[in-house]
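See structure below.
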Amino acid sequence: MESCCASAGRMSSAKRWRCCATGTPRPSDPRRRSARPTHPRARRVGRRPAPCVAIGARAADVVLWSGAPVASAAEGAGEVMMSWLHLLSALAAATATTTTIEPGAPVVPEDAEILQLEKERYERLTLPVTIQGKGPYRFMIDTGAEATVVSTALADTLQIADRRPATLVGMASTVATETVDIAEFMLGSRSLYIRTAPLVAAEHLGGMDGILGLDSLQDQRVLLDFENKVLAVADAEDLGGNRGFEIVVKARERLGQLIITRAELDGVETTVVIDTGAQSSVGNLALFERLRRGRDLGESQLTDVSGYQLSGPVRVAKDLSLGRLLLRNIPVLFIDAPPFRALNLADKPALILGMRELRAFRRVAIDFKKRQVLFDLPRGVYPLDRVYGGRIGA
């Protein structure tokens, strides 16, 4: 089926404004027409504003209506399975060979290696890996997981007997587990040695064999190309640098995790964690107490990687500002999750931004070496400085 934005050029003006960045039509209720943002200089451009761009709203450069309608997002929230992990035992840095993995692009170098993405039942991105020459096995890449995780069943199949006790912190629990070392862990042509990988029951991994965490991604750039359905893991320069990315957001490092500190959710200063292992977004209780608006959608439930559950209220945030980027209508589940405490974010407003919002873009790159998060906007969506031919400071 053709997406809404792909056919926007053939739409009338009114229909074009009901197009969202992820291809989901906005409600056509005429009473909502007043919510359409405008800009006093819009008539000077010589053409109508591009679909999905709210010009001049809150002085942000880009506005996206992200994801599906709010109602359906709330209905699906109960099936979300988060996998943020923080391993409390000492973690050694994984060693990896350098390789060039190029995203889907008009011209792909001959030596580039592309890993095709698969979609598992929770709409996460998985990729094949081989271990000790066996496989391939399906692993999800999770920028919110400090450690690479392996299912207990896979460890048994590989006959990995040397196991050590450790403590695993998930989105809803802190549990005792065991860890193993994994040699000859091959991601494409990159050879990794994974140390202290926690073991998790396979039934809690949504059918996957494991999770690729931050211990194997440091000093690398992770590129999620949703348009071409490819995943690239390599040095930033090997992936073309920042070419093609309209928005670049600076971040800080904490426990290997990239933290965006210059963000606002409905006017509240908020620390944001980009988590490719989270299907939807999760906020802490400090953020919930500061928010004074937003549509309440009742209670929902979250199941973490250890199989434990937490319930909390779901509220739709109207605006999320990340530097020059502004996203709208984001359902957020609010819970007292252990990862916020692990990152020392329990007492200040914080948000874990999940895949539902990231899928609004053509590409998202997470650069751990340069501490940047880069966004490639959907076709037909432009920053305001490009629309008006001038420059607007970040």
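Under numbering that gives the first Met the number 0, the residues of the sequence shown are numbered 0 to 393, in order. For every residue, glycine included, the Cβ atom is placed at its ideal position computed from N, Cα and C.
Residue pairing by DSSP places residue 300 opposite 310 in a beta bridge. Per DSSP, the continuous alpha helix (DSSP H) segment holding residue 153 begins and ends at 151-156. Counting along the chain, residue 356 sits inside the alpha helix (DSSP H) bounded by residues 354-357. In the structure shown, the three-state DSSP call for residue 236 is helix. Restricted to the region 131-209, the alpha helix (DSSP H) segments that are unbroken, complete and at least 4 residues in length are 151-156, listed in chain order. Judged by DSSP in its simplified three-state form, residue 377 adopts coil rather than helix or strand. For residue 263, the uninterrupted beta strand (DSSP E) run begins and ends at 256-264, by DSSP. DSSP lists 331 as the beta-bridge partner residues of residue 280. For residue 364, the enclosing beta strand (DSSP E) starts and ends at 362-366. Following the DSSP letters along the chain, one finds residue 323 in no alpha helix (DSSP H), marked with neither H nor E.
Nearest C-alpha to residue 188 among 180, 212, 233: 233. Scanning its chain for C-beta atoms nearer than 8 Å, with the 5 sequence neighbours on each side dropped, one finds around residue 130 the residues 136, 153, 157, 181, 183, 184, 185, in chain order.
Taking residue 295 as the centre and dropping the five residues before and after it, the same chain places the C-beta of 312, 314 closer than 7 Å to its C-beta, in chain order. Secondary structure at residue 218: coil, using DSSP grouped into helix, strand and coil. When DSSP reads this structure, residue 251 sits in a beta bridge with 258. For residue 370, there is no enclosing alpha helix (DSSP H), as DSSP gives it neither H nor E. Here residue 245 carries a coil assignment [DSSP, helix/strand/coil]. Excluding its 5 nearest sequence neighbours in each direction, residue 173 has C-beta neighbours in its own chain below 8 Å: 166, 167, 337, listed in chain order. Separation of residue 322 and residue 274 (C-alpha to C-alpha, rounded to the nearest whole angstrom) is 18 Å. Looking at the DSSP output, residue 295 sits in a beta bridge with 314. Under the criterion of beta carbons closer than 8 Å, residue 281 and residue 332 qualify as touching, at roughly 5 Å. Around the beta carbon of residue 348, 16 or more other beta carbons sit within 10 angstroms, so the residue counts as buried. In the three-state DSSP reduction, residue 337 falls in the helix class (H, G or I). Looking at the DSSP output, residue 231 bridges to 222. Taking the Cα positions, residue 370 is about 19 Å away from residue 263.
Rounded to the nearest whole angstrom, the CA to CA distance from residue 162 to residue 255 is 24 Å.
Between the beta-carbon of residue 362 and that of residue 226 there is about 7 Å, and that keeps the pair under the 8 Å contact cut. The continuous beta strand (DSSP E) containing residue 270 extends over residues 267-273.
DSSP, read as helix, strand or coil, puts residue 285 in helix.
If you draw a 10 Å sphere on the C-beta of residue 145, you find 16 or more other C-beta atoms in it, and that means buried.
When the beta-carbon positions are compared, residue 128 and residue 199 stay at least 8 Å from each other.
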